[in-house]
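S.K.: Residue numbers (the working numbering), protein chains in the order written: chain A, 1 to 251; chain B, 252 to 360; chain C, 361 to 518.
Here you go, one structure.
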Amino acid sequence: MRRLVVLGLALAAAAIPAMAGEVRAPASLLSPDLRALQDDPSRHPGWLWVDGGEALWREAPRSGRPSCQGCHGPIDGMRGVAARYPAVASDGRLLNLETRIERCRTDNQQAPAFGYESEALLSLTAAIALRSRGLPVAVETEGAAAPHLAAGKRFYETRQGQLNLSCGQCHDENVGRRLRGDVISSGVGTGFPAYRLEWNTLGSLHRRLRACSLGVRATQLPYGAYDYVALELYLAARARGLPVESPGIRR
Amino acid sequence: MASASIPARITMPAEARRGEIIEIRVLVRHAMDRAIDAPGLTPVPRKIIHTLRVTYDGAEILHMDLSPGIAANPYVAFTTVATATGEVVFEWLEDGGAVYERRQMLTVT
Amino acid sequence: MTRPDRRSGLTRRAALATSAAALFPATTTAKAQTAPRETLALVERTVLAGRTPLAAGVTLDMPTLSENGNSVDLTIRIDSPMSGEDHVTAIHVLAEKNPFPRVATFRIGPRAGRAEVGTRIRLAETQTIVVLAETSRGTVHRGAREVIVILGACVDGG
Numbered sequence: 001m002r003r004l005v006v007l008g009l010a011l012a013a014a015a016i017p018a019m020a021g022e023v024r025a026p027a028s029l030l031s032p033d034l035r036a037l038q039d040d041p042s043r044h045p046g047w048l049w050v051d052g053g054e055a056l057w058r059e060a061p062r063s064g065r066p067s068c069q070g071c072h073g074p075i076d077g078m079r080g081v082a083a084r085y086p087a088v089a090s091d092g093r094l095l096n097l098e099t100r101i102e103r104c105r106t107d108n109q110q111a112p113a114f115g116y117e118s119e120a121l122l123s124l125t126a127a128i129a130l131r132s133r134g135l136p137v138a139v140e141t142e143g144a145a146a147p148h149l150a151a152g153k154r155f156y157e158t159r160q161g162q163l164n165l166s167c168g169q170c171h172d173e174n175v176g177r178r179l180r181g182d183v184i185s186s187g188v189g190t191g192f193p194a195y196r197l198e199w200n201t202l203g204s205l206h207r208r209l210r211a212c213s214l215g216v217r218a219t220q221l222p223y224g225a226y227d228y229v230a231l232e233l234y235l236a237a238r239a240r241g242l243p244v245e246s247p248g249i250r251r
Numbered sequence: 252m253a254s255a256s257i258p259a260r261i262t263m264p265a266e267a268r269r270g271e272i273i274e275i276r277v278l279v280r281h282a283m284d285r286a287i288d289a290p291g292l293t294p295v296p297r298k299i300i301h302t303l304r305v306t307y308d309g310a311e312i313l314h315m316d317l318s319p320g321i322a323a324n325p326y327v328a329f330t331t332v333a334t335a336t337g338e339v340v341f342e343w344l345e346d347g348g349a350v351y352e353r354r355q356m357l358t359v360t
Numbered sequence: 361m362t363r364p365d366r367r368s369g370l371t372r373r374a375a376l377a378t379s380a381a382a383l384f385p386a387t388t389t390a391k392a393q394t395a396p397r398e399t400l401a402l403v404e405r406t407v408l409a410g411r412t413p414l415a416a417g418v419t420l421d422m423p424t425l426s427e428n429g430n431s432v433d434l435t436i437r438i439d440s441p442m443s444g445e446d447h448v449t450a451i452h453v454l455a456e457k458n459p460f461p462r463v464a465t466f467r468i469g470p471r472a473g474r475a476e477v478g479t480r481i482r483l484a485e486t487q488t489i490v491v492l493a494e495t496s497r498g499t500v501h502r503g504a505r506e507v508i509v510i511l512g513a514c515v516d517g518g
């Protein structure tokens with residue numbers, strides 16, 4: 001009987017639907033234990049990748065070009081950078097933090113790309129994103145970014161997959177409700193790369209988006225696909241003002 | 252016995268007073284692959300850290316047997332009495348024989 | 361009236377069943393791993409080795425409800441002076457319904473100062489966690505805690 005009561009209370013507490021238009025910080029939907037874990041570097045597994053990324057930042061590539069530190073200085077100088085991504089590069093291409101790092105890797109360091117979702121890229125992304133932790137998301141959505149924002153918004157609002165669901169149907173209309181043992185978030189992605197308990201490892205936002213695509217039985221796009229990056233920009237616009245939580249803890 | 256390096260995070264004070272009980276927290280990067288052998292799935296052999304051994308100034312202060320029931324990227328917290336300035340040595344033993352090691356100095360005043 | 365030859369009939373049926381089982385072994389479901397080799401009861405009996413445990417002195421700090429069984433926090437505290445004459449020597453953590461009930465064993469001594477250890481465990485489903493703490497005096501303390509697990513670990517295919 002007590003088991004049912006505890007279960008009922010826990011489920012009821014989680015099922016607090018958001019008001020239309022309200023975008024909730026993902027940390028607010030974590031249990032107190034997971035929220036405490038997210039804020040504890042001595043226990044948060046994501047810090048193992050942060051440590052790796054900080055070491056990589058100082059490592060010069062075999063090409064003879066400088067390490068990240070050689071051009072950018074100590075990694076603490078990356079404060080605020082992740083909060084501004086995705087961003088439009090000078091050649092007009094929309095880049096997220098991962099593809100921005102890879103571009104630097106190949107163009108400036110003249111070294112082979114790490115590969116999306118590789119341990120190296122995850123580590124560097126986590127270490128750089130950490131330097132924006134607590135800062136408000138502040139992406140540029142005007143000018144060159146405007147058409148990309150529109151593309152992302154279109155993707156968000158389009159019904160997809162065999163289940164024929166749009167992102168908004170879960171992430172606007174059913175925030176706080178339970179689905180498959182998890183709680184539906186506002187889908188803002190402010191905690192990525194995140195240590196997801198289901199993965200037992202750290203993963204990127206694109207990995208999470210691919211899981212979403214699978215969830216509605218839509219085609220999973222490749223890592224780094226334009227549609228996902230444009231969507232990222234739209235999600236970041238929705239999250240404007242919310243604090244960066246990277247590296248996050250997620251179920 | 253060759254000791255390799257492994258990503259790990261050790262949280263413990265750098266200094267302590269003699270007789271003080273300090274807390275040591277250890278986090279290590281390991282998938283703790285439990286064996287998967289079910290119909291329709293690619294078989295995955297078990298590969299876990301099966302032992303964590305900690306010595307302080309040469310004496311063993313913790314010996315932990317781990318199983319596939321320990322969560323991935325194992326976290327362990329324990330205590331020890333600060334006795335003398337010395338090295339705290341952490342050894343992780345993996346299925347297959349690999350041994351990973353980390354060392355951290357504790358100064359006791 | 362002849363008696364029906366039931367004995368040989370059963371024997372034949374039993375023999376057929378045995379050979380059928382040999383040809384078509386029971387398949388495991390995708391959810392469960394191979395059947396547990398050791399039960400919690402057997403492991404407890406082995407650890408106790410004839411001693412009767414004291415149902416006191418063990419504090420098991422765990423959430424009552426875990427949303428995801430892949431990582432469940434656990435802190436154990438045992439009442440003990442941790443002196444040379446009277447200290448905890450081993451802390452066993454057992455999980456009733458995991459594929460392997462033996463989750464971990466911590467071996468400590470007087471140098472610990474306190475009998476307090478923490479870790480993170482995987483739970484396959486809602487179940488009871490049992491802690492057995494052995495002392496240098498030859499006693500064993502026992503504590504148990506039930507944890508509700510919403511999404512279990514050990515479920516493959518995702």
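C-beta: ideal position from N, C-alpha, C; glycine also.
For chain B, is any of its Cβ atoms less than 8 Å away from the one on SER118 of chain A?
M.R.: Not one chain B Cβ lies under 8 Å of SER118 of chain A.
S.K.: Can you tell me the Cβ-Cβ gap for ARG269 of chain B and ARG43 of chain A, rounded? I've got them flagged as a contact below 8 Å.
M.R.: Actually they do not touch by this definition, with Cβ atoms about 28 Å apart.
S.K.: Between the C-alpha atoms of GLU501 of chain C and THR406 of chain C, what's the straight-line distance to the nearest angstrom?
M.R.: Looking at the sequence provided, one finds His at residue 501 of chain C rather than Glu. So the alpha carbons of these two residues sit roughly 15 Å apart.
S.K.: At which residue ranges does the region 422-478 of chain C contain complete alpha helix (DSSP H) runs of 4 or more residues, listed in the order of the chain?
M.R.: Listed in chain order, nothing qualifies, since the region 422-478 of chain C has no complete alpha helix (DSSP H) run of 4 or more residues.
S.K.: Quick test of your reading: ARG133 of chain A and LEU197 of chain A, contact by CB under 8 Å. State the CB separation rounded to the nearest angstrom.
M.R.: ARG133 of chain A to LEU197 of chain A, Cβ: 20 Å. No contact.
S.K.: Closer than 8 Å between beta carbons: that is the criterion. Which residues of the region 256-275 of chain B meet it against chain A?
M.R.: Cβ contacts with chain A come from PRO258, ALA259, ARG260 and THR262.
S.K.: Verify the CB distance criterion: does ARG285 of chain B have a CB-CB separation below 8 Å to chain A?
M.R.: No, ARG285 of chain B does not count as interfacial toward chain A.
S.K.: Against chain A, does GLU476 of chain C count as a neighbour if the rule is that its beta carbon must be under 8 Å from one of theirs?
M.R.: For GLU476 of chain C, the answer is no, since every Cβ of chain A falls outside 8 Å of its Cβ.
S.K.: Shorter than 8 Å from the beta carbon of ALA349 of chain B to some beta carbon of chain D?
M.R.: The chain labelled as chain D is not found among the protein chains of the depicted structure, namely A, B and C.
S.K.: Are the beta-carbon atoms belonging to LEU29 of chain A and VAL137 of chain A less than 8 Å from one another?
M.R.: No, the Cβ-Cβ distance between LEU29 of chain A and VAL137 of chain A is not below 8 Å.
S.K.: Closer than 7 Å by C-beta to CYS68 of chain A: which residues in its own chain qualify, once you throw out the five before and the five after it? Chain order, please.
M.R.: Answer for CYS68 of chain A: TRP57, listed in chain order.
S.K.: Would ARG462 of chain C pass as a contact of CYS514 of chain C if the rule is Cβ separation under 8 Å?
M.R.: No, they are not a contact pair.
S.K.: Can you pull the chain C neighbours of PRO294 of chain B, defined as C-beta to C-beta under 8 Å?
M.R.: None at all; the shortest Cβ gap to chain C is about 11 Å.
S.K.: For the candidate residues B:ASP346, B:ALA335, B:ALA349 and B:GLU345, whose alpha-carbon lies nearest to that of ALA267 of chain B?
M.R.: If we check each option's Cα against that of ALA267 of chain B, B:ALA335 comes out closest.
S.K.: Quick check on this structure: which residue in B:VAL339, B:TYR326 and B:PHE341 has the alpha carbon closest to the alpha carbon of VAL477 of chain C?
M.R.: Here the closest residue by C-alpha is B:TYR326.
S.K.: So which residues on chain C does ARG251 of chain A lean against when the C-beta distance must stay under 7 Å?
M.R.: Simply GLU427 and ASN428.
S.K.: For TYR223 of chain A, report the span of its beta strand (DSSP E) as first-last.
M.R.: No beta strand (DSSP E) holds TYR223 of chain A; DSSP gives it neither H nor E.
S.K.: Hey, quick one: how far does the alpha helix (DSSP H) through GLU98 of chain A stretch, first residue to last?
M.R.: From DSSP, the alpha helix (DSSP H) with GLU98 of chain A extends over 97-103.
S.K.: With respect to the beta strand (DSSP E) encompassing GLN355 of chain B, which residues constitute its N-terminal and C-terminal limits?
M.R.: 350-359 is the span of the beta strand (DSSP E), which, as asked, contains GLN355 of chain B.
S.K.: Measuring only between beta-carbons, confirm whether ASP346 of chain B sits less than 8 Å from chain C.
M.R.: Chain C, which has no Cβ nearer than 8 Å to the Cβ of ASP346 of chain B, makes this no.
S.K.: With 16 as the cutoff for other CB atoms within 10 Å, does CYS71 of chain A come out buried or exposed?
M.R.: Per the 10 Å Cβ criterion, exposed.
S.K.: Thinking ARG505 of chain C and MET422 of chain C are a contact (beta carbons under 8 Å), I'd like their distance in whole angstroms, please.
M.R.: 5 Å between Cβ atoms; contact.
S.K.: Pull up the distance between the alpha-carbon of VAL88 of chain A and that of ALA145 of chain A, whole angstroms please.
M.R.: The alpha-carbon atoms of VAL88 of chain A and ALA145 of chain A are separated by roughly 6 Å.
S.K.: Does DSSP put ARG268 of chain B in a helix, in a strand, or in coil?
M.R.: Three-state result, ARG268 of chain B: coil.
S.K.: So is MET356 of chain B in contact with chain C if we call contact Cβ pairs under 8 Å?
M.R.: Taking Cβ atoms only, chain C never reaches closer than 8 Å to MET356 of chain B, which makes this a no.
S.K.: In terms of residue numbering, what span does the alpha helix (DSSP H) encompassing GLU338 of chain B cover?
M.R.: From DSSP, GLU338 of chain B is part of no alpha helix (DSSP H) but of the beta strand (DSSP E) over 337-345.
S.K.: Is SER185 of chain A buried or exposed, if buried means 16 or more other CB atoms sit within 10 Å of its CB?
M.R.: SER185 of chain A is buried by the Cβ-count criterion.
S.K.: Could you tell me the boundaries of the alpha helix (DSSP H) in which ASP316 of chain B lies?
M.R.: Careful: ASP316 of chain B lies outside any alpha helix (DSSP H), inside the beta strand (DSSP E) at 310-317.
S.K.: Chain A partners of ILE510 of chain C, CB-CB under 7 Å?
M.R.: In chain order: GLY181.
S.K.: Label GLY410 of chain C either buried or exposed according to how many other C-beta atoms from any shown protein chain fall within 10 Å of its C-beta, with 16 as the threshold for buried.
M.R.: The residue in question, GLY410 of chain C, is exposed, as its Cβ has fewer than 16 Cβ neighbours within 10 Å.
S.K.: Quick one: Cα of GLU274 of chain B to Cα of ARG285 of chain B, how far?
M.R.: The straight-line gap from Cα to Cα measures roughly 29 Å.
S.K.: On the DSSP letters alone, give me the boundaries of the alpha helix (DSSP H) that GLU245 of chain A sits inside.
M.R.: From DSSP, GLU245 of chain A is part of no alpha helix (DSSP H); its letter is neither H nor E.
S.K.: Taking the alpha-carbon positions, what's the ASN428 of chain C to LEU511 of chain C distance?
M.R.: Straight-line Cα distance between these residues: approximately 5 Å.
S.K.: If you draw a straight line from the alpha carbon of THR435 of chain C to that of ALA322 of chain B, how long is it in whole angstroms?
M.R.: Whole-angstrom Cα-Cα distance: 14 Å.
S.K.: Contact defined as beta carbons within less than 8 Å: I believe VAL509 of chain C pairs with THR486 of chain C. What is the distance between those atoms, to the nearest angstrom?
M.R.: Their Cβ separation, rounded to whole angstroms, is 5 Å, which keeps VAL509 of chain C and THR486 of chain C in contact under 8 Å.
S.K.: Looking only at its chain, what residues have a beta carbon closer than 6 Å to the beta carbon of THR125 of chain A, apart from the 5 residues adjacent to it on each side?
M.R.: Result list for THR125 of chain A: LEU97, GLU98 and PRO193, in chain order.
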